Amino acid sequence: MLANPIQKEKIDPRVKRTRTLIRHAFDELLAETSFKSITIQSITQRAEINRATFYAHFPDKFVLLQDTIQRAFQQELEKRTLSACHYSDDNLLALIITVCEFIAQSDQHCKTIDSEFDMLVETQVKNQIRVLLEHWLSLTGSEIAPGIAATATAWAIYGLAIYWKHNRSAAKPSAEQFAQQVFPLITANLKMVQPI
4 MLANPIQKEK IDPRVKRTRT LIRHAFDELL AETSFKSITI QSITQRAEIN RATFYAHFPD
64 KFVLLQDTIQ RAFQQELEKR TLSACHYSDD NLLALIITVC EFIAQSDQHC KTIDSEFDML
124 VETQVKNQIR VLLEHWLSLT GSEIAPGIAA TATAWAIYGL AIYWKHNRSA AKPSAEQFAQ
184 QVFPLITANL KMVQPI
């Protein structure tokens with residue numbers, strides 16, 4: 004099974020409660036204003052904690068956003084049990100659909116999207132796709148380093164998901180239809196790592 008970067012570690016209940024307050028306050032603020040406009044002070048006021056408490060949990064708002072994105076995408080992967088799977092065409096197709104749907108929904112909970120937000124979403128999602136694919140590919144016994152194929156494939160999946168998200172045509176395919184269309188492009192990156 005893929006190592007979850009957000010391990011369920013034993014944490015003091017007070018620490019969990021405080022992190023939950025911070026995350027909840029941050030989520031509410033994202034729904035009301037742009038990421039750029041959110042300050043540590045606005046987060047701490049909303050969470051009813053002091054700045055020192057915030058900094059004991061997160062060094063800045065960028066790390067808090069990274070944590071938020073990482074947790075949300077990891078939950079999507081776990082909901083579809085992709086983090087516990089192996090490489091197969093069906094699992095890869097499910098991963099493409101998951102990324103498309105996650106990208107489409109990533110800004111629905113935010114009042115205003117800005118470039119900082121988009122860059123952090125891109126970084127976190129591509130990294131998690133790469134880690135998952137690298138895990139899957141490491142189990143295939145390929146002679147080619149799985150990291151290369153996983154990186155190329157992660158970039159391709161994310162880029163195609165962005166293309167799909169911004170498609171405003173009346174004939175825009177569903178995430179499932181789009182995944183089927185681009186599947187041959189995605190698997191082209193992976194054919195060289197399949198076991199012989």
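Here the sequence shown is numbered in this note's numbering, starting from 4 and rising by one per residue.
Positions of the beta carbon are idealized from the N, C-alpha and C atoms, including for glycine.
Since this is a predicted model, take the numbers as computed values, not measurements.
Query	Result
4-residue-minimum alpha helix (DSSP H) runs that sit fully inside the segment 59 to 104, ordered along the chain	64 to 82
Rounded C-alpha distance that separates residue 18 from residue 83	29 Å
Start-to-end residues for the alpha helix (DSSP H) that takes in residue 142	First-last for residue 142: undefined, no H or E at that position.
Assigned exposure category for residue 182 - 16 Cβ within 10 Å defines buried	buried
CB of residue 32 within 7 Å of CB of residue 68, strictly	no
Distance between residue 158 and residue 79 (C-alpha atoms, nearest Å)	19 Å
Touching by the beta-carbon criterion (3+ pairs, under 8 Å), the segment 168 to 180 and the segment 96 to 104	yes
DSSP state of residue 192 mapped onto helix, strand, coil	helix
Where residue 42 falls, given that 16 or more other Cβ within 10 Å makes a residue buried	exposed
Local conformation of residue 31 per DSSP, three classes	helix
Helix, strand or coil at residue 155 [DSSP, three-state]	helix
Beta-carbon gap between residue 192 and residue 156 smaller than 7 Å	yes
Buried versus exposed call for residue 28 [16 or more other C-beta atoms within 10 Å across all chains shown]	buried
Same chain, Cβ closer than 8 Å to residue 184, five either side skipped, listed in chain order	176
Extent of the continuous alpha helix (DSSP H) run through residue 50	43 to 50
Where residue 178 falls: helix, strand or coil (DSSP)	helix
Cut-off 6 Å between Cβ atoms - residues of its own chain near residue 73, not counting five sequence neighbours on either side	127
Where residue 107 sits in the DSSP three-state scheme	helix
Proximity to residue 49 [Cα-Cα], best of 138, 169, 92 and 24	24
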